[in-house]
Structures are given as C-alpha cells and as structure tokens.
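Asker: Structure below; questions to follow.
2 protein chains.
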Amino acid sequence: MNKKIELSKPALNRKAKRQTKLDAILRHAAKAFMENGYYKTSLDDIAKLHNVTKPTLYYYVKNKEDILIKCEDVASKRINGLLDEVTATDENGFLQLKKFIVGYVEIVTDDIIRCHIRHRGQRENSDAREASLNMHRGIEHRVREIIRQGVKDGSIKSCNSTIIAILLFDALNGISAWYRNEGELNHEDLVGQVLLLVTDGLRK
Amino acid sequence: MNKKIELSKPALNRKAKRQTKLDAILRHAAKAFMENGYYKTSLDDIAKLHNVTKPTLYYYVKNKEDILIKCEDVASKRINGLLDEVTATDENGFLQLKKFIVGYVEIVTDDIIRCHIRHRGQRENSDAREASLNMHRGIEHRVREIIRQGVKDGSIKSCNSTIIAILLFDALNGISAWYRNEGELNHEDLVGQVLLLVTDGLRK
DNA sequence: AGTTTAAGTTACTCATGGGTAACAATATAG
DNA sequence: CTATATTGTTACCCATGAGTAACTTAAACT
Chain A
1169 MNKKIELSKP ALNRKAKRQT KLDAILRHAA KAFMENGYYK TSLDDIAKLH NVTKPTLYYY
1229 VKNKEDILIK CEDVASKRIN GLLDEVTATD ENGFLQLKKF IVGYVEIVTD DIIRCHIRHR
1289 GQRENSDARE ASLNMHRGIE HRVREIIRQG VKDGSIKSCN STIIAILLFD ALNGISAWYR
1349 NEGELNHEDL VGQVLLLVTD GLRK
Chain B
1169 MNKKIELSKP ALNRKAKRQT KLDAILRHAA KAFMENGYYK TSLDDIAKLH NVTKPTLYYY
1229 VKNKEDILIK CEDVASKRIN GLLDEVTATD ENGFLQLKKF IVGYVEIVTD DIIRCHIRHR
1289 GQRENSDARE ASLNMHRGIE HRVREIIRQG VKDGSIKSCN STIIAILLFD ALNGISAWYR
1349 NEGELNHEDL VGQVLLLVTD GLRK
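The listed protein sequences derive, respectively, from chains A and B.
The opening position of the first sequence corresponds to residue 1169 in this note's numbering, with each subsequent residue numbered one higher.
The opening position of the second sequence corresponds to residue 1169 in this note's numbering, with each subsequent residue numbered one higher.
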C-alpha cells in the first residue's frame, strides 16, 4: 500500500506537469496571437516565449492549428459553464440574460478566450471549421433560448431573438479586442454601460 | 478646338480606365480576403480573379498591404461622407445617431468596407498602422460627439459616450462579418432590430 | 508613318516558416 | 543499477508566396 502510493504519485505528477505545460503554451500562444495575429506569429516565436525549441511544441500540440482548436476547447467549456450556471436558476429570462452578460464580460478578458474569439472561423481544416461553427452555433442557440424565454415570461420585449442574440455577441465579443483589465477603465463601469445599452437603450 | 477635344478624350479615357481597373482589383481582392482571409489569399489568387498575372497587379498597387490601405481609403471616405450627411442637419443627437446607424448598416455590406473592417489593425508597416488607427479614432470621435450632443440636448440618456460609441461600433461592425444582402433576412428587419436594441433596450 | 508610354507576360530570387528525422539528456520503473 | 519511456535538442527539408528583372505587345500622340 505504501509502495502503491509512492509509485502512483510520480505518475500523477507527470500527467499534471504535462497539463500545466500545455496550459502555459496555450497561454503564451494565445497572448502572442492576440498581439501580433496568428499568421505573424511563428511557432519559433511561441517556443521562445516558453524557453523551448520549436520541435518541443509538437510534443504538446499536433500542429499550429491545433493550438487554436485547443483554445477553442477551453473557451467552449468556460462559456458553456457560464450558461449552465445562468440557466440553472429559475429566474426570468431577462435576469438570466443579464447574468450571462455580466459573466461574459468577465470571461472575455482572458487571453485564451480572446484568442478564440478573434481567430474562430480561421480554421484551415474543413472538419475543424465545421466543428468550430457547430460549437459556436450551440452557444448562440442557448442565448437565443434565454431571450425567447424572456419574451415568453414577459421580462423581455418582443423581438427577433436570433438577430438580437447575434448583435449582443457582436458587441460583447468586440470588447475582447480592445478591453484591457489593467487600464484606467474599470470593469464595473464597462458592465454598467453594456447593461445600460442593452436593457434600456439610449433614447431618453 | 475640335482637335483639342479629340486629343484629350483618349487621355481621360485612359485615366478613367485605369481607375476602373484599380476599383475592380480592389473589389476582387476584398471579396477574396473576406472569403479566405488576408494571409490565405495570395496575389496570384487575386490576379487570377482579374484574369491577369501577378506582376500586373504591381502596376496598380504598391504591394499586398497597399490593397488594404486603398480599401481603407474607400471605407474612410464613405463613412465620413455618411457622417457629413448626418451631422449637416440640425436634428437632435438621437435622431442623428439613428440616421447614422441606418446608413452604416447599409454601408457595411459592401465588400470593400467589410474587408476594411475585418482587416484594420493588421497593418504590418508601423506608419500605416498608425494612420489606420488615427482614421478610425477620427470616426469614433465623430460618433462620440453625436452622442454627447444628444445627451446635452436631452434626446439621449446620460451615459459614457466613449464606451457606448465603441459598443455600438462593435455591434455594427460585427454585422459585416455575417450579413449577406442576398440572404433571407432582409435589410429592414435587421435595421429594425438594431434600432430596437439600441434605442429602447430589451427590458420590458 | 514611327516613336513613346502604358499594360502585361515569363521566368526568376529569396525569405519565411511549418513540419520532420535523428540524435541527446533526463527522469522513472523494476 | 540498468532498461525504458519522457522531454528535449540540432540540423535539416520543402512548399509557399511576396516581390523583381527583363522582355513583349498594344495603344496613343505628333
């Protein structure tokens, strides 16, 4: 028994270490992609950020595009996780949508998510492109459903939920392109203005 | 006199023809860039679309990036032209903003404009990048001013005009990525939903 | 007419960068 | 303490694609 523990410990450590390194590579890559764009960032650049050489990357990642796919995976899980949280409550549609917006603005400052938002739709492999599209449609569909439910329960104005969901995502995703957490504009003000626009509109 | 006219006519024809061809190249390039992205579109591809060979393009365009710059030029003129129109009236800020939104959604379906929106910020040359940023700031500033004026004259809710202008552009520019004029969703419905969201918000 | 300018072609150069093969070092297992 | 899987390296290959040089054809002006 004692032996078993001693034997399994390093093995777990190994897997964990590997995962940690993969995560770090993803973070480094995502940051570089956001700063310079996918095509202007070479695998050598990414390797350098990680203090390894290019071939080492291929031990963690299938190829360059695979980095984007793995980022998408992370993004998909976080966004769907948020949607799980939001839709778990029995609040009305409007309040659920509001919660989603607040959570999404939080999520959208993460480099991996930003990278995914910016580079989704750039998949070269057609299967990967299809998968990416599907996962995106899935998320959009869930938000659309929240809106639809809100219209039904009377908390949201009657509207074309499809278009509204897309417009909402356009605005929120746009944030990922310019917003920096470190900057002078704080998070609460940003969320406040987004909610002002989305819930009550601009007309006085 | 008769002679003079005969002499100047072909010269004008030449310049006009040249301009026409440049426009066509820009359109072809912009369309290809939108379909496949800037880096996945080679100059050979663009040349082929125009039934010429690659070196011929260099007769009309300085280099690949110059295509983006020329697209930006077209875009800048059209958007600023719209803003000129909109701000020429003495209507209140809200109505001016509404007019701008309607006009912008119209503009945003043009391939050259779409290309510019998608690829702005990808300039490799640092001077070009700076110029691009400045022109974009200029436009954003003008919209911000409209909003500010609206707040002043009481037609728009009190808000952070900087953030709101950015969010508005995020949503509108997002449209350029997915909206096709030919599709089942007609222009009026789209504009209607945008205005619903922006002017009155979703909360019932 | 003949000369010049515009417009276009073929055939290259050359840097970049994704991806791989073969080899080296290090940690884990027995 | 050796055998083996895990990580990593150096040194390459090779496709792609931007940009250019030198040459040809077509149009336009005097």
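In this text, a Cβ means the ideal position worked out from N, Cα and C, and glycines have one as well.
Everything numeric in this text was worked out from a predicted model, so none of it was measured.
1) Tell me which residue opens and which closes the alpha helix (DSSP H) that Gly1318(A) is part of.
2) Counting only beta-carbon atoms, is Thr1367(B) nearer than 8 Å to chain A?
3) Between His1196(B) and the rest of its own chain, which residues show a CB-CB distance below 7 Å, the 5 nearest in sequence each way excluded?
4) Report all residues from its chain with a CB closer than 6 Å to the CB of Ala1243(B); omit the five preceding and five following residues, and keep chain order.
5) Spell out whether any CB of chain B is found under 8 Å from the CB atom of Gln1264(A).
6) Quick check: is the beta carbon of Ala1339(B) nearer than 8 Å to any beta carbon in chain A?
7) Using 8 Å as the limit for Cβ to Cβ distance, is Ala1371(A) near chain B?
8) Specify the secondary structure class of Arg1286(B) as computed by DSSP and reduced to three states.
9) Okay, do the region 1323–1333 of chain B and the region 1269–1277 of chain B touch, 3+ Cβ pairs below 8 Å being the bar?
10) In whole angstroms, give me the CA-to-CA distance for Lys1232(A) and Arg1182(B).
11) Under 8 Å by Cβ, that's how I've got Val1376(A) and Leu1251(B) pegged, so tell me the actual separation to the nearest angstrom.
12) Quick one: does Val1254(A) have its CB under 8 Å from some CB of chain B?
13) Given this structure, state the Cα-to-Cα distance separating Trp1346(B) from Arg1316(B), to the nearest angstrom.
14) Would you mind sorting Gln1264(B) into buried or exposed? The rule is 16 or more other CB atoms within 10 Å of its CB.
15) Do the region 1219–1231 of chain A and the region 1254–1261 of chain A make contact, defined as three or more Cβ pairs closer than 8 Å?
16) Here's the rule I'm using: 16 or more other beta-carbon atoms within 10 Å means buried, otherwise exposed. How should Asp1338(B) be labelled?
17) Quick check on the DSSP output: the alpha helix (DSSP H) that includes Lys1245(A) runs from which residue to which?
18) Over what stretch of residues does the alpha helix (DSSP H) that includes Ser1210(B) continue unbroken?
19) List the residues of chain A whose Cβ lies closer than 9 Å to the Cβ of Lys1325(B), in chain order.
20) Can you tell me whether DSSP reads Gly1351(A) as helix, strand or coil?
Answerer: Checking against the coordinates, here is how it stands:
1) 1294–1321
2) yes
3) Ile1214, Leu1217, His1218
4) Ile1281, His1284
5) no
6) yes
7) Note on identity: in this sequence residue 1371(A) is Arg, with Ala being the wrong assignment. Answer yes: the Cβ-Cβ gap between Arg1371(A) and chain B drops below 8 Å somewhere.
8) helix
9) no
10) 47 Å
11) Nothing in the structure corresponds to residue 1376(A), since chain A is present only between 1169 and 1372.
12) no
13) 30 Å
14) buried
15) no
16) buried
17) 1232–1256
18) That residue, Ser1210(B), is in no alpha helix (DSSP H); it is neither H nor E in DSSP.
19) Leu1364, Asp1368, Gly1369, Leu1370, Arg1371, Lys1372
20) coil
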